[in-house]
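One structure below.
Protein chains: 2
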Amino acid sequence: MAARAGVSRTTVSFVLNARTDAGISPGTWRRIEEAARELGYHPHGAARALAGGASHTIGLVLRQSAEQVAADALLAETLWGVASEARTGGYRVLVEPLSPNDGRYSELLVSQRVDGLIVSGPRVDDEELAALVADGFPIILQGSLPDVPAPSVDIDNRAGARTAVEHLIGLGHRRIGCITNAPLAYTAAADRVAGYRDALAKAEIGFDAGLIVEGAFDAASGHAAMTSLLAEAKDVTAVFVASDIVAFGALRAIREAGRRVPTDISVVGFDDIPLARHFDPPLTTIRLPANALGAAAGRALVDRLAGRPTSERTLLPTELIVRESTAACRNRTGGP
Amino acid sequence: MAARAGVSRTTVSFVLNARTDAGISPGTWRRIEEAARELGYHPHGAARALAGGASHTIGLVLRQSAEQVAADALLAETLWGVASEARTGGYRVLVEPLSPNDGRYSELLVSQRVDGLIVSGPRVDDEELAALVADGFPIILQGSLPDVPAPSVDIDNRAGARTAVEHLIGLGHRRIGCITNAPLAYTAAADRVAGYRDALAKAEIGFDAGLIVEGAFDAASGHAAMTSLLAEAKDVTAVFVASDIVAFGALRAIREAGRRVPTDISVVGFDDIPLARHFDPPLTTIRLPANALGAAAGRALVDRLAGRPTSERTLLPTELIVRESTAACRNRTGGP
DNA sequence: GCGCGTTACTAACGCGAGTTAGTCGCTTCT
DNA sequence: AGAAGCGACTAACTCGCGTTAGTAACGCGC
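If you're matching them up, the sequences are chains A and B in order.
Numbering follows my numbering, in which position 287 of the first sequence is assigned residue number 287; successive positions increment by one, without gaps.
Every number in my numbering is 1000 more than the matching position in the second sequence, counting from 1.
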């Protein structure tokens, strides 16, 4: 204990916690700081947590399956955002990857190892989560979950999808297909389809359910979806694929069908994964601000823990990145 | 405290820590377990850490820059491996992303918030790391760092590269180019080049420094490297690209040059990122066991913390995944 | 009836901080 | 001169648990 090199012990605590209200003379203050440095003194985390009643740690629960995590090109970036924001707020991040039916993360909270939780990819049937939220634990949802009364942070999937499709419409396309990023049970997938429909409605283009095909996370599903779409709706001149990875498979299907992108068919993706700019052709897509998403979740939790007001729902804006997979429609079947 | 519902307090501690040596009668044991369940009792993590002298938490330090993290398709999977292995050992994982010149992770260890550290992507000039290791802290390196006397876990880059090139040689190729995954200052890049040379040497193919071009993490660098290689060495019939992402750019360069894969040029990648099987053509590559890598690092640290013997250096085997980007050489210039 | 060994527990200390309620010495007011 | 006030600290309590040493009850042998 640095008390030796200086004077007391309580005083050390005051200095290290920057308690300016406790009237410590500048001389003593400096003396203690120096002693602490010389002795390489560092307060013991656990003791501090015990005495202070706060662990200064937040938990990040990954509710995706191992396969989904492996396939998620943006997860690491999101984690980075959470962690850096947490750090500026004086918190550390404990990561708890938990496959869907693999319960029991409440222990983290209940044992006071973390002060709050960010739950990424929450599922509707998560009873444990609902119970925790009902008990008033500080929890931030990263993703959408309508029925759970906890603050959530997400990107604006609907607006993003709408922007993507409006871009297509602006290029003169009228028959626009849509391949989802995941089964529609996933809210993110449903929201993106909603955005697609918004854009069509605004442009007064009739909605055709036959133009929507479900994808499922990976490129193989995109390939299958696109193949079926090309077969079913031959007059499609553009496709909105709600995931770059799925779009990658779709591009291949188009190539295999002997059509060209963007000459014959325009394609817009979603996510802007690092590889998207290198697709053939470079993919026009909607940038998902992964880092900012993590940071927003981190900030929301830190704010909440500090007792500051938190908005119930934060929707992050996306950005249209125009590259070379989209071009003006050449055969305007639906023109005025 | 559950003492109320049962009898004592020390006894509760014994039961919850499964101290069978302390002679607790089966009746009392059961009574306490029930009471704990009914009261929803959970020991306080910080108190436990303070009293027990161990935080039961390990730190995972990410020493890559934010950009590298974002571009690393396998990082999340590795993290998953670390975390799941840690959990089976009774540990939690604290993640500390730290850009290269952004020091000060020793605080984690020194303040006892973690019992040990896994350092991913260590750099040679990391003085803090060297000091920590010298002080005897439990640290596992994930990656290679010859001069630091800490146990390390890595994949066998050299053997993997060798396997890749041997596959090419087996197909009859003799003029084989090599594009690195990163600048040669990175040991992983140097190791993979070493594996490339091993394979050539074994097959008694002369080494030509002109066939090696440096890539740098992303597809753009692969594109540039391949373009220059095609221009400089027109007789190359195969290329070993030490990273799938870089290979993606290389494939595009080959296409742009009017050559076909694998008809004119065979390509082998490295990493087996999820998208590799969907490349055009599906990429033959070396699978990097990301999950296993994380798990091995986690296990090594847990073992070390438990006082069990740990091997100084663990090299995980890779696996050749043959897909459609490689084919037999057609113009055997160097044949017997 | 006493010593001795078991069995089944419990009182009390200590981990290393944060925090409350003082204490001490010195001015300033009345 | 005595009370009150203030600046600069510190003794001692608290957090919730692990752990060591110790105790009470009970049986057993002689």
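Positions of the beta carbon are idealized from the N, C-alpha and C atoms, including for glycine.
Start and end residues, beta strand (DSSP E) containing residue i
i: A:Q142; result: I139 to Q142
i: A:I238; result: According to the sequence as given, residue 238 of chain A is Ala; it is not Ile. It spans A238 to V241 - the beta strand (DSSP E) in which A:A238 sits, taken as one unbroken run.
i: B:R1123; result: Looking at the DSSP string, B:R1123 is not in any beta strand (DSSP E), and its letter there is neither H nor E.
i: A:R92; result: R92 to P97
i: A:R197; result: Unbroken run through A:R197 is the alpha helix (DSSP H), T187 to K202; no beta strand (DSSP E).
i: B:R1158; result: Unbroken run through B:R1158 is the alpha helix (DSSP H), N1157 to G1170; no beta strand (DSSP E).
Residues sharing a beta bridge with residue i, DSSP
i: B:V1322; result: Note: B:V1322 sits in no beta bridge, so no partner.
i: B:S1178; result: The question names Ser, but residue 1178 of chain B is Cys in the sequence shown. Per DSSP, B:I1212 and B:F1240.
i: A:S152; result: A:L141 and A:R313
i: B:R1287; result: B:D1271 and B:E1319
i: B:S1266; result: B:A1238
i: A:V61; result: A:E96 and A:V119
Pair within 8 angstroms by beta-carbon distance, residue i and residue j
i: A:I155; j: A:V165; result: no
i: B:L1098; j: B:R1063; result: yes
i: A:L16; j: A:T57; result: no
i: B:L1168; j: A:F248; result: no
i: A:F270; j: A:A292; result: no
i: A:T227; j: A:A327; result: no
i: A:A86; j: A:V322; result: no
i: B:L1320; j: B:T1163; result: yes
i: A:V148; j: A:L129; result: yes
i: A:I140; j: A:R304; result: yes
i: A:F207; j: A:R197; result: yes
i: B:G1160; j: B:I1286; result: yes
i: B:S1221; j: B:V1246; result: yes
i: A:I32; j: A:V61; result: no
i: B:D1218; j: B:A1070; result: no
i: B:T1314; j: B:L1288; result: no
i: A:E256; j: A:P151; result: no
Contact set for residue i: own chain, Cβ-Cβ below 6 angstroms, skip 5 residues either direction
i: A:I273; result: A73 and D244
i: B:A1290; result: L1074, E1077 and T1078
i: B:A1225; result: I1179, V1213 and G1215
i: A:K234; result: none
i: B:F1137; result: L1109
i: B:R1019; result: none
i: A:P337; result: The shown model of chain A, from 1 to 336, leaves out residue 337 of chain A, and the question about it has no answer.
i: A:F279; result: none
i: B:A1049; result: S1055
i: A:R299; result: E85
i: B:R1330; result: none
i: A:A83; result: V93
Own chain, CB closer than 7 angstroms to residue i, minus 5 neighbours either side, in chain order
i: B:A1216; result: A1182 and P1183
i: A:A66; result: S99
i: A:Q112; result: S55
i: B:Y1091; result: H1056, T1057, I1058 and V1302
i: A:E232; result: G210
8 angstroms CB neighbourhood of residue i in its chain, flanking five on each side removed
i: A:V114; result: S55, T57, I58, G59, L94 and L108
i: B:I1265; result: V1236, T1237, A1238, V1239, I1254 and R1259
i: B:F1014; result: A1022 and I1024
i: B:W1029; result: V1015
i: B:L1132; result: S1106, L1109, L1117 and I1139
For residue i, the first and last residue of its enclosing alpha helix (DSSP H)
i: B:L1301; result: A1290 to L1305
i: A:S111; result: Run containing A:S111: none; DSSP gives neither H nor E here.
i: B:F1014; result: T1010 to L1016
i: B:L1050; result: G1045 to G1052
i: A:V82; result: L75 to T88
i: A:R260; result: Where A:R260 is concerned, there is no enclosing alpha helix (DSSP H), given that its DSSP letter is neither H nor E.
i: A:A220; result: A219 to E232
i: B:V1345; result: The first residue shown for chain B is 1001 and the last is 1336, placing residue 1345 of chain B beyond what the model contains.
i: A:I32; result: P26 to L39
Exercise. Of all the residues that make up the segment 198-209 of chain A, which are near chain B by a beta-carbon distance shorter than 9 angstroms?
Worked result: When CB distances to chain B are screened at a threshold of 9 angstroms, not a single residue of the segment 198-209 of chain A falls below it.
Exercise. Which residues, in chain order, does the segment 225-256 of chain A contribute to contact with chain B at a C-beta distance below 8 angstroms?
Worked result: I245, F248, G249, R252 and R255
Problem set entry | Interface positions of the segment 135-149 of chain A facing chain B (Cβ-Cβ less than 7 angstroms), listed along the chain | none
Exercise. Given a limit of 8 angstroms on CB to CB distance, which residues of the segment 1081-1101 of chain B reach chain A?
Worked result: A1083, S1084, R1092, V1093, L1094, V1095, E1096 and P1097
Exercise. In the segment 1100-1129 of chain B, which residues sit with their C-beta less than 7 angstroms from some C-beta in chain A, listed in chain order?
Worked result: E1107, V1110, S1111, Q1112 and R1113
For this session: Name, going along the chain, the residues of the segment 37-55 of chain A whose beta-carbon falls closer than 7 angstroms to a beta-carbon of chain B.
Result: Look at the segment 37-55 of chain A: the residues with a C-beta under 7 angstroms from a C-beta of chain B are H42, P43, H44, G45, A46, A47, A49, L50 and S55.
Exercise. Can you list, in chain order, the residues of the segment 1061-1083 of chain B whose Cβ is nearer than 7 angstroms to any Cβ on chain A?
Worked result: A1066, V1069, A1070, A1071, D1072, A1073, L1075, A1076, E1077, L1079, W1080 and A1083
Problem set entry | Residues of the segment 1160-1175 of chain B whose Cβ lies closer than 8 angstroms to any Cβ of chain A, in chain order | none
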